[in-house]
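Step one of this worksheet: look at the structure below.
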Amino acid sequence: MARVVVDVMLKPEILDPQGQAVLGALARLGHSDITSVRQGKRFELELDAAPDAATLEEVASTLLANTVIEDYSIRVEES
Amino acid sequence: MARVVVDVMLKPEILDPQGQAVLGALARLGHSDITSVRQGKRFELELDAAPDAATLEEVASTLLANTVIEDYSIRVEES
Amino acid sequence: MSARIGVVTFPGSLDDQDAARAVRIAGAEAVSLWHGDADLKGVDAVVLPGGFSYGDYLRCGAIARFAPVMQNVIDAARGGLPVLGICNGFQVLCESHLLPGALIRNDVRKFVCRDQWLRVENANTAWTSDYAEGQEILIPLKNGEGGFVADDRTLDELEGEGRVVFRYLHDNPNGSYRDIAGITNERGNVVGLMPHPEHAVERLTGPSLDGVGFFSSVISQLVDA
Amino acid sequence: MTRQIDSVKDAETTPDVTQPFAELGLKADEYTQIREHLGRRPTSSELAMYSVMWSEHCSYKSSKVHLRQFGEKVPPEAEDILLVGMGENAGVVDVGGGLAVTFKIESHNHPSYVEPYQGAATGIGGIVRDILTMGARPVAVMDPLRFGPADAPDTHRVLPGIVAGIGGYGNCLGLPNIGGEVVFDETYLGNPLVNALCVGVVPHDRIQLSAATGAGNHVILFGAKTGGDGIGGVSVLASETFDDEGPSKRPSVQVGDPFAEKVLIEACQELFDQQLVVGIQDLGGAGISCATSEMASNGDSGMHVWLDRVPLRDSTLAPEEILMSESQERMCAVVAPDKLDAFMAVCRKWDVEAVVIGEVNDSGRLTIEWHGAQIVDVPPKTVAHDGPVYERPFARPQWQDALQADVPTSVPRPASGDELRSALLRLVASPNLASKAWVTDQYDRYVMGNTVLAQPEDSGIVRITDDGLGVAISTDGNGRYGKLDPYAGAQLALAEAYRNVATTGAKPLAVTNCLNFGSPEDTDVMWQFAETARGLADACLQLGVPVTGGNVSFYNQTGETAILPTPIIGVLGVIDDVARRTPMAWEADGEALWLVGDTADEFGGSEWAHLHGHLGGLPPAVDLDRERQIAEIAVAASRDGLLTAAHDVSVGGLGVTLAEMALRSGKGARIFLPDGIDPCVALFSESAGRIVFVVPRSEEVRFTDMCTARGVPAARIGVVDSGVDGLEVQDAFTAPLDELRTASEGTFPSLFG
Ligand SMILES: Nc1ncnc2c1ncn2[C@@H]1O[C@H](COP(=O)(O)OP(=O)(O)O)[C@@H](O)[C@H]1O
Ligand SMILES: [Mg+2]
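Residue numbers (the numbering used here), protein chains in the order written: chain A, 1 to 79; chain B, 1001 to 1079; chain C, 2001 to 2225; chain D, 3001 to 3753.
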């Protein structure tokens, strides 16, 4: 049993309309000290077996993230 | 300057069609040792000032997460 | 013998019947292709229709790309088979790396359904030869994730090689970089666009007949070939 | 973790256990009735079933006595067209050529207030499954909505989410949204209304019913897994069945999975085409309890269910909760043993999970077991159909007379050209009348390629056969009229929907409705409800359009304040050739504008009065014979090719009707108001029974003859003229197109971004 977290964020050069919208809303609510917001995805996976780094790489890079526009990072939380 | 990450996940009892879809795709791709997938959101905030815990709570609970169906967690990464 | 154009149905495809109707209106035979069958039934061209394949839950088109039928579509497209991706089909083509770039959430963060003016920038592709370069056409647009993005180098390359096929006119509905509504591959046989030509093939149900040209273009090329 | 199961045997041996019937919403005498039905105390599972099935929502216990009128005052026309009447999941109407159409409205008001996106989304999901259950392919949806004031903060919380939810679910299902309503009023602030309509098409020989028949047939549950959704109060029971370790938390909100529903729709189409089911029922309110008891009751049969076979999303669910779960995207079918393999093959093809959970028998009982223990043994009719029926007391409210006496004399009447012009612009810009494009642009109206008319036309029309047969639908309801006079309000709502359908050239055939009211325990509200039902039944009889089904939503109130009595009426019509549909935009210079019908000084409940904060007096007079006549004209004139356009006159009056036509067309017109009538009345009165027809010069004589023959007044009130900018109302004012457009299209974006 293992728990793995994969974070996927848009590459910095790609426009992030959702992050922008949150930033705008924050400004309207008076939180002007927040200067940047980016919105990405978080996947929590549970595995039966011990996680194998190569497999996780493949899953993240081919399915969970679109590497044309997104970066990802993999974290094994418990195994 | 500070960097704060807010993770937002559907509450465990709430149906997560997105996670289900990913799980199904993983199974078709032969990764049947992955037994559960939950998909959530990750927000990366940058602040001008030192982050104030109460403000972050408020931002996360009113704007970033829909607390009717989602839980959130806040992590100050650097300040 | 009339041309045979395949229309793929994924679970969650919505505009497959409409695409088939458009194919027939343009004078070809529509052949349904099932996502689970790695068989193109010998068709002369393929349409990947609009919809929400697999619910579009992960990223639009991300899961459909792995469907058994897609491996054959990808191979055949690399071999020159004309392939048109409409909306979700465009997203599938990008996810399959048959076309560069990606489609992200509309900058207005809402689903947008409206009649959209486009300019035809490239009338030399398999799917646009019946249009004139610079022609303005009106066809429906309907999507939530239609913002075309790519890095600058890719965008410059697309522009430089004349591979931007359609551009949004008047106002950009979704934040697409450089107003790009549709693009093609180097060879011009694979075209993807967000708006829906198959919904502009009948006076009664569409805003114009401007969509027919997609299907007549490919048919006349197939007949000539 | 050990679980205490309350079996039938336990119930027999421990008759004196106290049971939490009150917490489950049952009255003491209802509990006694259950014990009488069973001859013992109910098990906790049985108690759960009865409590939900006997709730207002499922049993219609307060409304039944009034709804009966729809089955009693049936117009003779019903006999020819109704293939399935009230009582099934949705009524089925014959439209010729071996085809039928089924349609229904349902409410999802309370869930949408709690979680706007998911509440509205699952509202669409639920009504689509009702239509699917009839054997139909769903072909379109509509969404009548009501909100608090457009500028209220809570409206800004709920409206964007509700609209996104309806779009998110409906778009993903591939169902064109062809119409709906967005209306704002103070009373909906703490209680918005989300009603959803679906229409489907079914060949006669494919119509399905929800009856479990044929001993030995399998009962199959298919679709999504069962989770703890919507079990609310029943958790009281579940928690009692756990020892130390409590159950996991139960979701307060149901989340929809439109993709799961889309594949369910496609799988069902194949099941129906291959005739693989004997009976089928969707799972909505009360989940498996409802589906199994209703199917067994409808089939006059018995059924045995192995509840532990139900695929679960949450393994901690207790049997009571599984029975009650309202998880979305599930269906239940009865399948003959020799069709089982074929059934399962279709489900596999679409990746739909399907499990045999039970068997039909002829015991006349519904029996349910859980890991070998019998936990339910009931006569299914007592659960599904013989629930309590209440004759709730009602009385005309004491304030009704004063309200009706408070005629809108205090409301200013514009008189000068400038005043009239700014009144028109103000009306056109008011949230209730402004362009709804901000909303409807979030809905796919093109998918399926058969949408012939959609918003903002008078009715939505979809083509249903290749040779051009189409159906038209409109939904309408005016709570302000209902408040002033609920009997008339219901009739005006019906008249408007009927008129809208006819205006587009279709012949009105049948009616569905969703009756949204406050608490039935309030005698004022109950009177409003009774009057509404009576008004609607009488009007349906007179117009010759039968009620085929509907839904009642009570308890729509904030504290003590009930919403306006809001019957939403849907009328369905047919058009033999969609190519002759009448759109609302005029086309060419010289076309004449004919106003058909009478205009009186009627401002009670009007939008103009509402803009001045006034609600009082009487609603516009109802004249159903006139409605029938003008509908005949609209349909006959369309059939004879006499029209280029038409648009009905309703809220906001003639001025608003003309402005909408001009905006839709992009061309101007010269308008001459009839002599001898106050221009304010001519432009803004809301008299019913009126349509503006656009007639090419060459057809004017035939058109006016058609009106004269029916004794309906017709006035030539204008001419299409692209030489004028917008509306030029002679001797009064000009409202340029740009100004009208800014007024109409600016409101929603400036309110909602
Ligand atoms: N206002 C109404 N007018 C006519 N029929 C109604 C009305 N309300 C409910 N019904 C009928 O009562 C039956 C049960 O309604 P409902 O519980 O909403 O159906 P379902 O179980 O399919 O959701 C249906 O046949 C419905 O059409
Ligand atoms: Mg039903």
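We put the beta carbon where it would ideally sit given N, CA and C, even for glycine.
Neighbour flag for residue i against chain C, beta carbons, 9 Å
i       : result
R3035/D : no
R1028/B : yes
E3266/D : yes
A1021/B : yes
F3272/D : no
V1006/B : no
P1051/B : no
P3258/D : yes
W3350/D : yes
K3667/D : no
Below-9 Å beta-carbon distance, residue i vs any chain A residue
i       : result
Y2168/C : no
D1048/B : yes
C2087/C : no
D2151/C : yes
CB-CB length for residue i against residue j, believed under 8 Å
i       : j       : result
G3482/D : P3567/D : 7 Å
P3075/D : Y3169/D : Between Y3169/D and P3075/D the Cβ distance is about 35 Å, and since that is not below 8 Å, they are no contact.
E3261/D : L3173/D : 6 Å
K1011/B : I1069/B : 6 Å
CB contact flag (residue i, residue j, <9 Å)
i       : j       : result
G3617/D : V3407/D : yes
I3124/D : G3165/D : yes
A3136/D : V3101/D : yes
G2085/C : L2158/C : no
T3512/D : L3189/D : no
G2188/C : L2093/C : no
Y2177/C : L2141/C : no
V8/A    : G30/A   : no
G3689/D : P3565/D : no
V3201/D : V3277/D : no
S1036/B : E57/A   : no
M3142/D : A3090/D : no
9 Å Cβ cutoff, residue i in contact with chain D
i       : result
P1012/B : yes
L2204/C : yes
P2197/C : no
Neighbour flag for residue i against chain B, beta carbons, 9 Å
i       : result
V3163/D : no
A3224/D : yes
T3241/D : With a pLDDT of only 43 at T3241/D, under the threshold of 50, the placement of this residue in the model should not be trusted; the figure read from the coordinates follows. No, T3241/D does not count as interfacial toward chain B.
E3320/D : no
D3229/D : yes
E3326/D : no
Contact list for residue i against chain D, beta-carbon separation under 7 Å
i       : result
P2140/C : Y3446
R2021/C : G3449
Proximal chain A residues relative to residue i, where beta-carbon distance stays under 9 Å
i       : result
A1025/B : L63
Where residue i meets chain B, residues with beta-carbon distance less than 8 Å
i       : result
L45/A   : I1034, S1036 and V1037
R3313/D : L1015
Interface flag, residue i vs chain G, CB-CB below 9 Å
i       : result
Y3555/D : In the displayed structure, chain G is absent; the protein chains listed are A, B, C and D.
Amino acids of chain D, ordered along the chain, whose beta-carbon sits closer than 8 Å to that of residue i
i       : result
Q2017/C : M3448 and G3449
Within chain B, partners of residue i - CB distance below 7 Å
i       : result
S3252/D : V1068
Interface partners of residue i on chain D, CB under 9 Å
i       : result
V2112/C : D3441 and Q3442
Contacts that residue i makes with chain C (C-beta to C-beta distance below 9 Å)
i       : result
G3167/D : K2110, F2111, C2113 and G2144
Partner residues on chain C for residue i, Cβ-Cβ distance less than 7 Å
i       : result
V3263/D : P2011
Interface partners of residue i on chain A, CB under 7 Å
i       : result
A2102/C : N66, V68 and I69
Residue i: contacting residues in chain A (beta-carbon distance under 8 Å)
i       : result
E2095/C : N66
Within chain B, the residues that residue i reaches when beta carbons sit closer than 9 Å
i       : result
L3507/D : Contrary to the premise, residue 3507/D reads as Lys rather than Leu in this sequence. Going along chain B, no residue has its Cβ under 9 Å from K3507/D, so there is no contact; the nearest lies around 41 Å.
Worksheet item: Of all the residues that make up the segment 2053 to 2079 of chain C, which are near chain B by a beta-carbon distance shorter than 7 Å?
Response: Y2054, G2055, Y2057, L2058, I2063 and F2066
Worksheet item: Using a beta-carbon distance cut-off of less than 7 Å, what residues from the segment 1057 to 1078 of chain B approach chain D?
Response: Listed by position, the residues of the segment 1057 to 1078 of chain B near chain D (Cβ gap below 7 Å) are V1068 and I1069.
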